[in-house]
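To start, the structure itself, in structure tokens.
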Amino acid sequence: MGNVEHLHVDPAASPFPISPAGQKLRVAGLFAGIGGVEVGLDRAGHTTELLCEVWKPAQAVLSERFPDIALEPDIRELYALPSSAEVVTAGFPCTDLSQAGRTAGIRGAQSSLVSHVFRLLDQHSPRWLLLENVRNMLALDKGYAMRYLVDQLEARGYRWAYRLVDSRFAGVPQRRHRVLLLASRTDDPRGPLLAEDAGEPTDKRYRSDAFGFYWTEGLRGLGWATDAVPPLKGGSTVGIPSPPAVWLTEAEPHRALVKPSIEDAEALQGFPRGWTTAAEAQQGSRGARWKLVGNAVTVDVATWLGERLTTRSDYDAGGDIELESGNGWPNAAWGERGRRWKSPASVWPRHAGYTHLTDLMDSTTADALSLRGAMGFFDRLERGNLRPPDDFKTAVKEYIRALGG
Numbered sequence: 011m012g013n014v015e016h017l018h019v020d021p022a023a024s025p026f027p028i029s030p031a032g033q034k035l036r037v038a039g040l041f042a043g044i045g046g047v048e049v050g051l052d053r054a055g056h057t058t059e060l061l062c063e064v065w066k067p068a069q070a071v072l073s074e075r076f077p078d079i080a081l082e083p084d085i086r087e088l089y090a091l092p093s094s095a096e097v098v099t100a101g102f103p104c105t106d107l108s109q110a111g112r113t114a115g116i117r118g119a120q121s122s123l124v125s126h127v128f129r130l131l132d133q134h135s136p137r138w139l140l141l142e143n144v145r146n147m148l149a150l151d152k153g154y155a156m157r158y159l160v161d162q163l164e165a166r167g168y169r170w171a172y173r174l175v176d177s178r179f180a181g182v183p184q185r186r187h188r189v190l191l192l193a194s195r196t197d198d199p200r201g202p203l204l205a206e207d208a209g210e211p212t213d214k215r216y217r218s219d220a221f222g223f224y225w226t227e228g229l230r231g232l233g234w235a236t237d238a239v240p241p242l243k244g245g246s247t248v249g250i251p252s253p254p255a256v257w258l259t260e261a262e263p264h265r266a267l268v269k270p271s272i273e274d275a276e277a278l279q280g281f282p283r284g285w286t287t288a289a290e291a292q293q294g295s296r297g298a299r300w301k302l303v304g305n306a307v308t309v310d311v312a313t314w315l316g317e318r319l320t321t322r323s324d325y326d327a328g329g330d331i332e333l334e335s336g337n338g339w340p341n342a343a344w345g346e347r348g349r350r351w352k353s354p355a356s357v358w359p360r361h362a363g364y365t366h367l368t369d370l371m372d373s374t375t376a377d378a379l380s381l382r383g384a385m386g387f388f389d390r391l392e393r394g395n396l397r398p399p400d401d402f403k404t405a406v407k408e409y410i411r412a413l414g415g
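Every number in this note's numbering is 10 more than the matching position in the sequence shown, counting from 1.
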């Protein structure tokens, strides 16, 4: 790796050039999954030239949905990126970083595969690098994963910025927090990622006719979400689907608790319904589809960032605070060459037009939560120390009675 000339960083003024407005970029997607990032970037006007994905069901989806794009089967055997690629994306495995996973950290067998991204960057210098992963990597192992990522970037002369975002900002009814890390050796990553900020919306954004929750929880958490579902999960390690449940406050007692379908889940992630049918045909079950959708990047979030990459936007860092060594990672930050600043950017870059949950789901055909599932959930609620709304607990009891429990 050659020596890289670093510019002095003044937090009150951008020393970085800014991408020309309206420029369309060429994309290489690593750890592509079912193409959430690439679909979003395509909607923003960019073009995908390479995809890389190892899991067979995901490959089946990519082959069907991106038939003309080169598909590499394993990043460990990918030795070069296309010379034309200006954006490299990598939603690298969250298996070892997620609270729902093994929490082995960035050193784990799956999440450590991100090291191959840096190996490829040693041979190719794209304008932009986009990494995406779960919120938990900011806290797990005292934030070691984020330190590892920015250290690797800075060693290669990259300036970086990251931001935790909630997918609801883009209009989908899913309360999903993910970290977007944008880096460049030539451009200012703060403008696209941090400059636009709408702040927390008011409650008027949401309706009170539906509440999403994890029916498999009850002792330690509910994942409670108003007019939305909690973050979709990839399912269990043995491929059992793990959809959330929805409390329909205006439904008859026997229809008060329902589960979104896999097609609903695809729509909750911004994909067209039926996007992952090829995986079901390849795998022979729907479990693979739930895992693929649960692990995907929300398309609408990627569309927003794709638009931002070619929008001329200065970032005002005058109020940012330099982070001391050893401090925890905030929800948004930026830096280069060992110096890091906390940004006040919220998880709400904008307030896009919102799709209400009961408008997205067909509650009349949604599968009802089973009596066994409802009884087990209520038992955990009774034994746990959570305090859900009283009318919710009453609705669960009435639902169980209506089903004959």
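Don't be surprised by glycine CBs; every beta carbon is placed ideally from N, CA and C.
Taken through DSSP and simplified to helix, strand or coil, Thr321 comes out as coil. DSSP, read as helix, strand or coil, puts Asp176 in strand. The secondary-structure analysis by DSSP pairs Asn143 across a beta bridge with Val189.
Sorting Leu258, Ala412, Arg283 and Gly316 by C-alpha distance to the C-alpha of Thr368 places Leu258 at the top. With respect to the 8 Å criterion, Leu381 and Gly415 are classified as neighbours on the basis of their beta carbons.
In this structure the stretch 195-207 lies against the stretch 355-371, because at least three pairs of beta carbons, one per stretch, are closer than 8 Å.
Inter-segment contact for the stretch 330-345 and the stretch 127-135 is absent: fewer than three beta-carbon pairs are separated by less than 8 Å. When beta bridges are read from the DSSP output, Ala378 appears opposite Val268.
Rounded to whole angstroms, Thr313 and Leu413 show a C-alpha spacing of 43 Å. Within the same chain, and ignoring the five residues on either side of Gly383 in sequence, the residues whose Cβ sits closer than 7 Å to its Cβ are Trp225. Distances from the alpha-carbon of Asn337 to those of Leu190, Ala149, Ala378 and His56 put Ala149 closest. With 16 or more other CB atoms across the displayed protein chains lying within 10 angstroms of its CB, Gln279 is buried. Of the candidates Ser73, Gly386, Leu232 and Ala376, Ser73 places its Cα closest to the Cα of Ala291. Its Cα nearest to that of Gly228, the residue Pro254 stands out among Asp78, Glu59, Trp65 and Pro254. Of the candidates Ser271, Trp344, Asn341 and Ile44, the residue whose Cα lies closest to the Cα of Ala70 is Ile44.
Within the model, the alpha-carbon separation for Gly316 versus Asn395 is close to 43 Å. Take Ala275, set aside five residues on each side of it, and the residues of its chain with a beta-carbon closer than 6 Å to its own are Leu242 and Val303, in chain order. By DSSP's assignment, Ile44 forms no beta bridge with any residue.
Every unbroken stretch of the alpha helix (DSSP H) spanning 4 or more residues and falling wholly within the stretch 351-396 is given here in chain order: 367-370 and 381-393.
Between Arg36 and Asp84, the alpha-carbon positions lie close to 21 Å from each other.
In the three-state DSSP reduction, Phe281 falls in the coil class, being neither helix nor strand. The alpha carbon of Leu163 has as its nearest neighbour, out of Leu379, Glu87, Ser335 and Trp138, the alpha carbon of Trp138.
In the structure shown, Thr286 adopts coil according to DSSP, grouped into three states. For Glu260, the closest of Phe402, Thr57 and Thr58 by C-alpha to C-alpha distance is Phe402. DSSP places Phe223 within a strand segment (E or B) once states are collapsed to three. The alpha-carbon of Arg265 is positioned some 12 Å away from that of Arg411. In the DSSP assignment, Val98 falls within the unbroken beta strand (DSSP E) covering Val97 to Ala100. Each residue's CA atom was taken as its position, placing Leu159 and Arg186 some 22 Å apart. DSSP places Gly304 inside the alpha helix (DSSP H), whose first and last residues are Gly297 to Asn305. For a cut-off of 8 Å, the C-beta gap from Phe281 to Val256 is around 19 Å, too long to register as a contact. Using a 10 angstroms sphere on the CB of Lys301, the tally of other CB atoms reaches 16 or more, which defines it as buried.
Looking at the DSSP output, Ala312 sits in no beta bridge, so it has no partner there. Each residue's CA atom was taken as its position, placing Glu59 and Pro263 some 51 Å apart. For Val124, there is no enclosing alpha helix (DSSP H), as DSSP marks it with neither H nor E. In the DSSP assignment, no residue is bridged to Val64. For Ala205, no beta strand (DSSP E) segment is defined, and its DSSP state is neither H nor E.
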